[in-house]
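Under UniProt numbering, the first residue of the sequence shown is numbered 1, with each subsequent residue one higher. Glycine included, each C-beta is placed from N, C-alpha and C at the ideal position. In this text, all values refer to a predicted model and were calculated from it rather than measured experimentally.
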Amino acid sequence: MDMSLSPDVGKTIFQKLKSRISLKILSDITNKLEVCTKSVTQDGNIYNPSGALSGGSKPSIIGILIKVQELKKVEGLLKDHQSKLESIMSLFNQTTEGLDIKSYKITLLEDQVKESNATHISLAMLNELKKLIIDLKNKQKVLEAANREAEETDQAVELAREEHEVQSPKLDLPKEAQRQIRQLQPSDPKVPKETRPIEDPMTPGLEGNQGEGAAVTNTFRFS
Numbered sequence: 001m002d003m004s005l006s007p008d009v010g011k012t013i014f015q016k017l018k019s020r021i022s023l024k025i026l027s028d029i030t031n032k033l034e035v036c037t038k039s040v041t042q043d044g045n046i047y048n049p050s051g052a053l054s055g056g057s058k059p060s061i062i063g064i065l066i067k068v069q070e071l072k073k074v075e076g077l078l079k080d081h082q083s084k085l086e087s088i089m090s091l092f093n094q095t096t097e098g099l100d101i102k103s104y105k106i107t108l109l110e111d112q113v114k115e116s117n118a119t120h121i122s123l124a125m126l127n128e129l130k131k132l133i134i135d136l137k138n139k140q141k142v143l144e145a146a147n148r149e150a151e152e153t154d155q156a157v158e159l160a161r162e163e164h165e166v167q168s169p170k171l172d173l174p175k176e177a178q179r180q181i182r183q184l185q186p187s188d189p190k191v192p193k194e195t196r197p198i199e200d201p202m203t204p205g206l207e208g209n210q211g212e213g214a215a216v217t218n219t220f221r222f223s
């Protein structure tokens, strides 16, 4: 049985296919899983299920699909690397922030240590000053007590002197004692006039007993 077609019939069939089938349709048919076979256009364009385009009347588009697929792969790798870079940059920023925080904390700790040392020194100096003030107050109290005692002593001496001066002019000597004084004045020129001893006229045996220590002497001032 002869299955060949006449040239006119073949021309008619392929002419219709040429007019109805485009490159996009042919590419879709080639890439369909149900077909998945190599296809050839009337112009010689060869489509492989892998996406490669070769031959045909337009050699300038050879390998475009392969380049597109490679570009997609490169874009995928680029996205992966960008994602990794973003992760690395995020970690770097976190590390930088952590380092800044640690540096700030170290600065604060150093300032606290300096303030603590200064406070410790100030407290030590303050304690020394307090002790010094207490010692000075104690010494001041001792000096005040000694000063009061000295003033009281001066007042007592001054009072005794005033009493002596008040009582001395009122002393009424007997005439016999006055005569004794006048007799003693020229006999002892070495004794100052103001401090010559006066014998007590009331002592018995006044005359002749001066060498035996029986007489009691008093010192008076004379003008």
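In this structure, the straight-line span from the alpha carbon of Leu-91 to that of Glu-128 is close to 55 angstroms. Rounded to whole angstroms, Glu-115 and Ile-121 show a C-alpha spacing of 10 angstroms.
Lys-38 places its beta carbon 8 angstroms or farther from that of Ile-25.
Within the same chain, no Cβ atom closer than 7 angstroms to the Cβ of Ala-150 is found once the five residues on either side in sequence are excluded. A direct Cα-Cα distance of roughly 24 angstroms separates Lys-131 from Asn-147.
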